[in-house]
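For reference, the structure discussed in these notes is given below.
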Amino acid sequence: MPEGLGGVAVTGIGVISAAGAGVAALASVQRQAKGLAVEGACEALDTGLELPVCHVDNDFLEDECMELACGRFPNRTCALLFRASVDALRMAGITTFSSIQGIRVGISVGTTVGATFNNESCYFDWKDNGRIDLEYIYQFHESNLALWLHSVLGTSGPSVVVANACSSGTDAIGIAYQWIRDGRCDMAVAGGADELSRIALNGFNSLQLTSSEPAMPFDVNRNGLNLGEGAGVLVLEDKDRVNIRNVSPVAFVLGYGASSDAWHPTAPEPEGRGLQSALKDALREAHLTPSCISVINAHGTGTRANDAAEARAISAVFKDVRPPVYSIKGLLGHTLGAAGGIEAVSLIQTLKDRMVLGTPGCREPEYEDIAIASEGWEKEISGPIGISQSLAFGGGNSALVIEGC
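Heads up, the final residue of the sequence shown is numbered 436 in the working numbering, and it's a clean run with no missing numbers.
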């Protein structure tokens, strides 16, 4: 490992998605995946659109660990966040909430809509009856994900909800990493969470970005994305606290970079110049060069514009290195604000296994100047350090440099 690496320890990871609950479930489904983890339209959305969506089985939100919240779930996004957070805390050796109530705990959560699109009944009530039930207002005010999680855990410390479209989860982890690095808190729970929404699905469809078939990231025949839901969470701690608690990190966050294209409300800058900037900043903060990176977890949505810009950015920054590049959106769908959290978990597992698996749906990679791990690919990686990156509507770009253990 190059000298000078610092970093913030990751002591626990948790995830829930269409693949199931827990890191093992995600890894298992990813190893055998050749398409979406869940196929078919979600009947609960009732959109009339015959589009595949990757929904989470409700059984995973009804097991014993959910009872720890005492039924306090203002919405489904909170439930998804809680399930992933409990799993991450347990991996970090936190078995009771009281054990962290006397320290400074930061909570940083990324989301796109955080359930605010799933309030249509409120507007129907207003339209039909000229009034609304105050329960809608109470629910809305209780739906700040970070403050809600603080209240359930009984913790205190800095909190933020990042709503930066589809890079929100990655940005949330980056912010928490900075909090720990700068001594603002002793521990942080960070990641992303998002639930499926009729309005979001109709919105992406109106932009002609959805596909009626499973997504095909980076494939020459790709024609759009599928939506999904879930949550991915990391527990971050200062190295001194890790030593005091005598726990073993599963990874280290070494650097974070973010930028804005200032280009278009929804389309990325065609050459990926903003992403190039974010990647270079993350590498610079980690005191690393592109040759130190062994694998890249790409945003890889399966849309024409995103994958093209992302491929050009990767090629420009890693042109002399060609680390393998993979995406899991052909497996889990695009989980929006949760994507950065879920994909950071995926990268950490990839680094742990020292094995990169292929990109579900990518059978004929379009781009020859980057090393796309196509469907069925299974290959050892050369080192312990990788990058997880996200792009967003509005031109947001974010990247995390992560070292596996």
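Each residue gets a CB set at the ideal place from its N, CA and C atoms; glycine is no exception.
Give me whichever residues DSSP pairs with G261 in a beta bridge.
-> D225
Beta-carbon proximity of G261 to I433, cut-off 7 Å = no
What number of angstroms, rounded off, separates the C-alpha of I401 from the C-alpha of A52?
-> 32 Å
With distances taken from CA atoms, which of N428, L258 and V117 is nearest Q304?
-> For the record, residue 304 in the displayed sequence is Arg; it is not Gln. Ranking the options by Cα distance to R304, first place goes to N428.
Nearest neighbour of A342, chosen from Q239, V183, L306 and M386 [CA to CA] = L306
From S413 to H330, what does the alpha carbon distance come to, in whole angstroms?
-> 22 Å
Does the beta-carbon distance from A221 to A207 come in below 7 Å?
-> yes
Count the other CB atoms, across all protein chains shown, that sit within 10 Å of the CB of G137; report buried if there are 16 or more and exposed otherwise.
-> buried
With a Cβ-Cβ cutoff of 7 Å, do V251 and E374 count as a contact?
-> no
Does DSSP put N428 in a helix, in a strand, or in coil?
-> strand
CA nearest to the CA of S377, picked from L178, H172, D90 and V281 | V281
How do the segment 175 to 194 and the segment 97 to 114 stand: do at least 3 beta-carbon pairs fall below 8 Å, yes or no?
-> yes
With DSSP as the reference, label V121 as helix, strand or coil.
-> The sequence given here places Arg at residue 121; Val does not occur at that position. If DSSP states are grouped into helix, strand and coil, R121 belongs with the helices.
Over what stretch of residues does the beta strand (DSSP E) that includes I416 continue unbroken?
-> I416 to L422
Any idea what DSSP makes of V376, helix, strand or coil?
-> helix
Where the alpha helix (DSSP H) through E302 begins and ends | Per DSSP, E302 belongs to no alpha helix (DSSP H) and is neither H nor E.
Sheet register partners of E341 (DSSP bridge) = DSSP, once it has assigned bridges, lists no residue as partnering E341.
Which residue comes first and which comes last in the alpha helix (DSSP H) that contains N274?
-> K270 to R276
Does the beta-carbon distance from L227 to H365 come in below 7 Å?
-> no
For Y357, which three-state DSSP category applies?
-> strand
Touch check for the segment 90 to 97 and the segment 238 to 248: three-plus C-beta pairs under 8 Å?
-> no
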